Amino acid sequence: MPKRLPKVARRALRRARRRLVPSNLRIVYHPRYGARFPGSPVDPLRAERILTFLLSEGLILRDQVKRPKPIWLKTLERVHAADYLESLHEPETVSAAFGLTIERTLAERVIDLQRLHAAGTLLAVRRARRTGVGINLGGGFHHAHADRAGGFCMINDLAAAIAAERARGFSAPILVVDLDLHDGDGTRSMFRDDSTVHTLSIHAHHWDEAEAIESTAVELGARVDGARYLEVLRETLPPVVERFEPKLVIYAAGCDPARDDALGDWQLDAAAMLERDRFVVEQTRAASASLAVVLAGGYGPESWRYSARFLSDLERPGRPIEPPSTPEITLARYRWISSLFDPSELTGEDASGDEFGFTEEDLELPGWRRLRETRFLGFYSSHGVELVLERAGFLDRLRDLGYPHPQIELQLEDPGGQTLRVYGDPDRVDLLVELRLHRDRREAPGLELLSIDWLLLQNPRAKFPSQRGRLPGQTHPGLGMLSDVVAMLIVVCERLHLDGMVFVPSRFHIAATGRRFMRFFDPQAQIRFEAMADVLEGVPLDEASRRVADGRVIDQDSGEPVAWSPLPMGLAVSDKMNRWLDERSSEPMEKPRFALRPPPVVDPP
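The sequence shown begins at 1 in my numbering and counts up one residue at a time.
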């Protein structure tokens, strides 16, 4: 049997083949899809993660990705009432739809974003009609009615795309297959009197009881598993396809039925989700119809993986590619962004070739002419730092959180370490990010590391969610961007030829958060931490950290509390550091036996 090619070689081969054999996937995407919806746990990088996966696996080429242009108001007026569209200019309308107060600038961004998604769905439908398949890496705002918003949906992109195609003369039957966890009530209401559009929705609960001439609305209730879901889908969809004979299928491929969805309570695993998608494609092909796909619902950082797996199977039927983890795809994204920079953009090197570009301000006179540090980590100019954060979309994500004018501050003079701060306002009142770094040659002999002395990510204007406790030492909720920051720092290490990163976790929860990326330099510390994590498995992170601090994790042999020891943890970037860590942990060690001490019994008053 021939030896299987390494993963990198297989990806290179797929990319080479794509240049000769066009992909079946017709992708619609815009970088602004990455904006965050206020009050919604949708991953703002969901579309970009999917696109990064498709590109890195060689399933598509970049020139096969089309960007939508903002949809015309005239197109929206075909499905939405004019006075309703006019009301969208008022932040009060958007605030009411989202259930929270939204200031004018952010409200305008929300409307512009949904108009862009609507344009993407329209473009995907037109690409489907030309080539057989079109995919919008966004869209699916199915709760928007003709005269009102609902469920974070202001503009019904599905209805707008259908009406636009009708205006272009397409008169064949159209089937909307809506497999989002939530009812496609808005789309159904818009075509309640149209016998040429059938809306099929299988969901947890009805959002309204309104009927339509051509519709199928199936309510399954809570905690549905994959077997039950697929049974209903197989019973429901084929009769509709056979009777209605659609020539265009618009598939809202929501990922919120997945069991790890941040909002849903259904129990579909990855295999069931993929089987669902395959069945819709199979039925579409049986009807000789074109297929347009929109993402629809899906919440939390893992939702992108279901769509990525489906699209890889659509390109390679029966041979889907398993997507990498979210941290891995996040790193791939930042590596790609980094590859687009000319180094001079980051360093501020002038066009004359003067590598340093000294000015009089860089020299301290009189006396010894000592160069004052003017670059972050000895490489990035202040403009370069801002450019990285802007192009990576980091600052846009802060704007989406309600900080329209983020400000960057660099403190470079301290020889012990340099500090990067990001404030949410020009007056520098709301501190969002504080990162203190230095280059270290002492912690690991023979290696140069990026030392993270301090990292703070916080949203001062947010409130702690009721279902999640406050971590020890935490003043405000986080920004939800730790994976992004770690990925950016890995790319910094690669650009500066550093071997990896090091930091010292002062508390258990900090080490537990970094567990996905890092390990302790001391093998004994690593195995003690793993034993501690084992006995705390399933305990919320805030409570776990408190139990450690309170001495409730004990050594079973001695009965003594296990004290937390702040020792260095590292993340290897170079092969050299990986070998160094492996050599240190090569000796087998017995894991200590830890247990939890029960809480003290408090007598009732």
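C-beta: ideal position from N, C-alpha, C; glycine also.
What you are looking at is a predicted structure, and each value in this text was computed from that prediction instead of being measured.
- DSSP places TYR251 inside the beta strand (DSSP E), whose first and last residues are 248 to 252.
- The Cβ neighbour count for GLN524, taken over all protein chains shown within 10 Å, is under 16; the residue is labelled exposed.
- Segment contact: the stretch 276 to 292 against the stretch 30 to 39, fewer than three CB-CB distances shorter than 8 Å; contact not assigned.
- As computed with DSSP, SER290 is found in a beta bridge with LEU248.
- Going by DSSP, LEU456 is part of the beta strand (DSSP E) stretching over 449 to 457.
- Spatial neighbours of LEU395 in its own chain (CB-CB distance under 6 Å, excluding positions within 5 residues in sequence) are listed in chain order as LEU389, PRO406.
- Non-local C-beta neighbours of ASP185 in its own chain, meaning closer than 7 Å and more than five positions away in sequence, comprise HIS143, TRP207, ASP208, ordered along the chain.
- DSSP places PHE341 outside both helix and strand once states are collapsed to three, so it counts as coil.
- When Cβ pairs closer than 8 Å are counted between the two stretches, the stretch 69 to 87 is seen to touch the stretch 148 to 165, the count reaching three or more.
- Distance between CYS255 and SER215, taken at the CA atoms: about 22 Å.
- Taking each of GLU494, PHE310, ILE510 in turn and checking the Cα distance to ALA533, the smallest one comes out for ILE510.
- Exclusion of the five residues before and after PRO426 leaves HIS405, GLN407 as the residues of its chain whose Cβ lies within less than 7 Å of its Cβ.
- The Cβ atoms of PHE520 and GLN526 sit closer than 7 Å to each other.
- For ASP484, the uninterrupted alpha helix (DSSP H) run begins and ends at 482 to 495, by DSSP.
- Looking at the DSSP output, HIS198 bridges to LEU175.
- C-alpha of MET569 to C-alpha of LEU455: approximately 14 Å in a straight line.
- Boundaries around GLU48 are those of the alpha helix (DSSP H), 46 to 56, since no beta strand (DSSP E) includes it.
- For ASN578, the uninterrupted alpha helix (DSSP H) segment begins and ends at 575 to 584.
- Taking LEU237 as the centre and dropping the five residues before and after it, the same chain places the C-beta of GLN283 closer than 6 Å to its C-beta, in chain order.
- A residue is called buried when at least 16 other Cβ atoms come within 10 angstroms of its Cβ; HIS89 does not meet this threshold and is exposed.
- According to DSSP, residue pairing for GLY551 in a beta bridge does not occur.
- DSSP places ARG316 in no beta strand (DSSP E); its state is neither H nor E.
- Bridge pairing for VAL94: absent [DSSP].
- Here VAL429 is exposed. Its C-beta has fewer than 16 other C-beta atoms within 10 Å.
- Straight-line spacing of the CA atoms in ASP261 and GLU590 works out to 37 Å.
- The C-alpha of GLU231 is placed about 12 Å away from the C-alpha of VAL218.
- Segment contact: the stretch 265 to 277 against the stretch 188 to 195, fewer than three CB-CB distances shorter than 8 Å; contact not assigned.
- CA-CA distance, TYR229 to VAL422, rounds to 46 Å.
- Closest in alpha carbon position to GLY300, among GLY514, HIS205, MET501, GLY264, is GLY264.
- Here LEU412 is not near GLU345, since their CB atoms are 7 Å or more apart.
- DSSP places MET532 outside any beta strand (DSSP E); the residue lies instead in the alpha helix (DSSP H), whose first and last residues are 523 to 535.
- Scanning LEU450, GLY446, LEU123, VAL433 for the CA closest to the CA of ASP440 turns up LEU450.
- At the C-beta level, GLU583 and ASP499 stay beyond 7 Å of one another.
- Minimum Cα-Cα distance from LEU457 among the listed residues HIS438, VAL433, SER565 corresponds to VAL433.
- Counting every other CB atom within 10 Å of its CB across the protein chains shown gives ASP575 a total below 16, marking it as exposed.
- Within the model, the alpha-carbon separation for GLY226 versus ARG276 is close to 9 Å.
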